[in-house]
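Protein chains in written order, with my numbering: chain A, 1 to 637; chain B, 1001 to 1077; chain C, 2001 to 2216. Virtual Cβ for every residue (Gly too), placed ideally from N, Cα, C. Only one structure is covered here, and it is reproduced in the block below.
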Amino acid sequence: MKYFLTSALTKGLVGQILTFIVSYGLIRNFRKTVSGWEVPAPELSGWQAPYDEPAMVLATIISLFGFLLACGVVSDWLKMMAGQKPHLKHGAQGKPEWTRYINIDVNHKVIGIQYGLNSIFILLVGGLLAILFRLELALPGLQFLQDGSQYNTLFSAHGIIMIAAIFAGVGAMTNYLGPVLIGASDMSFPRLNAFSYWVGVPSAVILLAGIFMGGWDTGWVGYPTHSTTTQMIGVQMFLLGFYLNGFSSIASGLNMVVTAVYMRAKGMSYFRMPIFVWAAVAASILQATTTQTVGVALTMVVAQRTLGMNFFTPVISPELLAAGVPAGDPILFQHIFWFYSHPAVYVWILPGLGIISELLPVFTRKPLFGYKWIALSSIGIALVGMLVWAHHMLTSSMPPAWKIPFMLSTLLVAVPTGVKFFSWLATIWEGKMRFPTPMLFVLGAISVFLLGGLSGPILGTIATDMHLHDTYFVVGHFHATIFGGFVFPFFAAIYYWFPKITGKMYDELLGKIHFWIMVPGFWVMSLLQMRVGVLGMRRRIADYGSDLGIQVEHALITVATLAIGWSILIMLYNLITSARKEELAPENPWESRSPEFLAPSPLPEFNYLAPIEVVGEPYDYGLEGATYAVVPTPAGD
Amino acid sequence: MSDHSHSEAKSPVVDKTVYRKGFNTFIALAVLTAIEYFVGIYLPSAVLLILLAVAKAALVMNVFMGITKLWREGDHH
Amino acid sequence: MAVAHGHDDHHHGELHNPMEPTRQEQIVMNRFGLWLFCFSEVFLFMALLAARFYLWRDPVQGALRPELEQGPALIFTCVLLVSSWFMNRAEVASANEDMKTFNQSLAMTFVMGLIFLLGVIFYEWGLGLAHPHILPTDGAFGAVFFAMTGMHAIHVITGLIFVAIVWRNGNLGHYSREDHWGVEACAIYWHYVDLVWIFFYPAIYLIGIGVHIPGH
């Protein structure tokens, strides 16, 4: 308890709340008393805000600094500014080992676990919200929610909170696995790595606070002109939380790229890197670049709401209009927003697809088919992914001539994705397959991602999208890609590296039960979502008519959602009880050739007791005499 | 840049060329800015203005920011 | 979920990383990281430029721009350019341990940067002027103008803080011929801020047909 109260987490949260309250009070009184410098009020007529909105925005931004200063993640940098040369603090600093996870720690494995715990926590919150509104949707009519805006807050929050959870999950995989797989002791910039994690915590707090401070009904996309005029001012917290989370993405993205370029083990050329690292680098390039644009889009909405700057409203005063001054345009937001938010889904799925390619050869005991093609297809998906954004706007007022190139580029994404699919099939072909839980999740991921992938071109084609846009078909497609591309591979990775992380083995039976509940549950959910969408169910609506004939489907989707929720609780039970077991896991339970299994489990502070050396190809399973990595001579001991 | 210095540390005589290179770049940038201004006022051509900006950017990245150090001192592998 | 047990813990609380990069290796990585950061920021400024070219246009006439005073804008642009040259001098000086030139040049960089910043805030934004040339509420002109200059000004402020810190640490003798990464980083960042203005200046002041904003 003493350690918990003095942890960086507690300090940061207290700092954040205190700075928020103090700065909110100060700014609000300042605005009340000082009339000389008039802050333009948002153009909302006849609306009594429960909060002073501009003061809330400024105080929220200041509260981030409150968190960062109080938790101490920037103190080393402040010392450097003051001319000192602080060195990296390794280890638990004399405290119990578990306190590392709630304190500032620069070790990439600790940060990876922090991301993972954070991800699972936020995932549970987002999942709970989904279960709430799925219960509401189980029957036509309003069940227990008061009105539509409560429902709107629920699904909007579900969207953005799950996105935060997925980013944390991606952070967990790339941070924990990235340096280990390339034979490094840590990331290139350990302090920046800690910063990436810790800046995400106050952003998550801000996002969650938005639910209680007014809520918001804009969905996770926050399109103007609705987001610039909605009276649910939790939208500001949503915009800021989303924006500040971007710092985490940018910093961790460029850290991973630099690490992969400069920290590789001796002998590990680019085309001998584990395939997951290629995927992580591709995702990191997207994270480090496109995230900036969504920051601009969100800042613009905040500025329009708080300062009255007209970016997105196509109406201006007659005087300005007569003089030829242009007005804003809501389509601009959609362009800038999707320039990030489409590549963002590739940030989520690329590491997941990398995990699939990484684990398949281990469990089929065969070389990975077409290593170079898979490696380059990750980069290909990332690059093509930057050129497809406007397919989210095929039903908008964008000029029709722009729509066709975007349709074509969208269909082009299927090519590198197809490369991955055929490589997986060819890897499985005639393999000596084994089916422990991680392999089941890999196969589940492939099946579910196939469902998501096949429904994609239907939405990317203008003619069919006209009918399916904004229906549940989109919801079904999206969840299939994200479960197949992120959730299932993430779980596969958790089960696969669990013995490496903890030194203990998970319970195989519970793992299999988890799988056999979750996969059928997901298939039912996703397929029926697509079906009700085709039958006319719109997304983002709290109610539907009983004459649509989709009651049975909706009830089944709700049941499937509950099943998925329970199966995840089974996984958590399994992981927690297994981690507390006495019995140690075997050194290399999967007979993997990957370098991390050359080191003891759990991994030592600096991963390898001596630098490893790569002497062969990474995935030559089943070839006699093939070696990937060796430890020259273990030092000391 | 330290390649230019011979042996002893604090000998500012050696570095005149490097300072001079910076100054020449500065003059070139100033001239380009002046051209830019006159193009903008008297010959409003967006393409020409963007080309001028790209030329200025290339100079700044090359000389002032030393982008070539990325590959000259870059790979330790 | 422990990371490390047994092996090397609990000696003096000091763990040594056998694979720790050397200072020279770290500098190479720092340089690449900083350039990646600059590249990342390109997307931020590109988004603003996209907004400028998307909104400041007329279906018939093509690109538009607000009619603003040309003289001061050109002067501020030149001031930033001069500051860039002084930054270069300071960097070369620190690489040669010529502390006098370093000191003077960096101080000049700071002063020039400050003049630019104050010029933008007090003249271009019209804070303190009775009749500002442009207001944030002036349609898409005001919105994008303040977004572009404001985002650039934030980077100038960061750069000024950076310059001040490096100036102080340089005078405390923290940089040497072999290791003056702090100065180099500051120089790259400051030139980058200048680089952004190289694109923003024509985009805001020169490209397109000038439209007079009524009421100013």
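### Query
What residues in the segment 247-262 of chain A bring their beta carbon closer than 7 Å to a beta carbon of chain C?
I250, L254, V257, V258, V261, Y262
### Task
Measure from the alpha carbon of A/V258 to the alpha carbon of each residue in A/K2, A/D186, A/L535, then state which is nearest.
A/D186
### Message
Quick check: C/D2067 and C/G2210, are their CB atoms within less than 9 Å of each other?
### Response
The sequence given here has Glu at residue 2067 of chain C, not Asp. Contact flag set, yes.
### Task
Please report how far the alpha carbon of A/I285 lies from the alpha carbon of A/Q292, in whole angstroms.
12 Å
### chain A within 9 Å of C/G2113, Cβ atoms only
no
### Assumed close pair A/N245, A/F167 - CB separation to whole angstroms, cut-off 8 Å
7 Å
### Query
Apart from the five residues on each side of it in sequence, which residues of its chain come closer than 7 Å, Cβ to Cβ, to A/G460?
H391, M407, T410, L411
### Message
Between the alpha carbons of C/L2049 and A/S75, how many angstroms are there, rounded?
### Response
35 Å
### Residues near A/T230 by beta carbon distance below 8 Å, same chain, minus five either side
W216, D217, T218
### Query
Given a limit of 9 Å on CB to CB distance, which residues of the segment 319-338 of chain A reach chain C?
E319, L320, L321, A322, A323, G324, V325, P326, A327, G328, D329, I331, L332, H335, I336
### Query
Any beta-carbon of chain B closer than 9 Å to the one on C/P2202?
yes
### Task
Would you check if there are 3 or more beta carbon pairs closer than 8 Å linking the segment 376-387 of chain A to the segment 625-633 of chain A?
no
#### Entry: Nearest to A/G116 (by Cα), restricted to the options A/A322, A/G171, A/L510
A/G171
### Task
Below 7 Å between beta carbons is the criterion; list the residues of the segment 1025-1040 of chain B that meet it against any residue of chain C, in chain order.
F1026, L1029, A1030, T1033, E1036, Y1037, G1040
### Task
Ignore the nearest five residues each way along the sequence and tell me which others in C/A2153's own chain have a CB closer than 8 Å to its CB.
L2117, V2120, I2121
### Task
Report yes or no: do three or more beta-carbon pairs, one from the segment 2085-2094 of chain C and one from the segment 1015-1034 of chain B, lie closer than 8 Å?
yes
### Query
How would you call C/E2069, buried or exposed, if buried means at least 16 neighbouring beta carbons within 10 angstroms?
exposed
### Message
Less than 9 Å between CB atoms is the rule here; does C/R2052 satisfy it with respect to chain B?
### Response
no
### Message
So if DSSP puts A/L359 in a beta bridge, which residue, or which two residues, is it bridged to?
### Response
Paired residue(s): none; A/L359 is not in a bridge.
### Message
Rounded to whole angstroms, what is the Cα-Cα separation between A/A184 and A/M268?
### Response
11 Å
### Query
Going by Cα to Cα distance, which pick from A/K79, A/T289, A/N255, A/Q236 is closest to A/T60?
A/Q236
### Query
By a C-beta neighbour count over all protein chains shown, 10 Å radius and 16 as the cutoff for buried, is B/F1017 buried or exposed?
Looking at the sequence shown, residue 1017 of chain B is not Phe but Thr. Looking at its Cβ environment, which holds fewer than 16 other Cβ atoms inside 10 Å, B/T1017 is exposed.
#### Entry: Residue nearest to A/T10 in terms of C-alpha spacing, selected from A/G66, A/N29, A/V57
A/G66
### Message
I'd like to check one pair, A/F449 with A/I349: are the Cβ atoms closer than 9 Å?
### Response
yes
### Task
Going by CA-CA distance only, name the one from A/F522, A/A492, A/A209 that's closest to A/L154.
A/A209
### One or two residues paired with C/I2209 in a DSSP bridge
C/L2064
### Task
Taking only beta carbons into account, state which residues of the segment 1053-1077 of chain B come closer than 8 Å to chain C, listed in chain order.
A1053, K1056, A1057, V1060, M1061, V1063, F1064, M1065, G1066, I1067, K1069, L1070, E1073, G1074, H1076
#### Entry: Same chain, Cβ closer than 7 Å to C/V2144, five either side skipped, listed in chain order
A2051, R2052, L2055, W2056
### Task
Measure from the alpha carbon of A/P274 to the alpha carbon of each residue in A/T174, A/G324, A/S455, A/A463, then state which is nearest.
A/T174
### Query
Starting from A/P405 and walking both ways along the alpha helix (DSSP H), at which residues does that stretch end?
400-412
### Message
Taking its Cβ as the centre, do 16 or more other Cβ atoms sit within 10 Å of A/F441, making it buried, or is it exposed?
### Response
buried
### Task
Compute the distance between the beta-carbons of A/Y243 and A/V294, then report whether it is under 9 Å.
yes
### Cβ-Cβ distance between A/I612 and A/K266 below 9 Å
yes
### Message
Please classify C/N2169 as buried or exposed, where buried requires at least 16 other C-beta atoms within 10 Å of its C-beta.
### Response
buried
### Message
Can you list, in chain order, the residues of its chain with a C-beta nearer than 6 Å to that of A/W373? Leave out the 5 residues immediately preceding and following it.
### Response
V419
### Query
If contact means a Cβ-Cβ distance below 7 Å, which residues of the segment 271-294 of chain A contact chain C?
A288, T289, T290, Q292, T293
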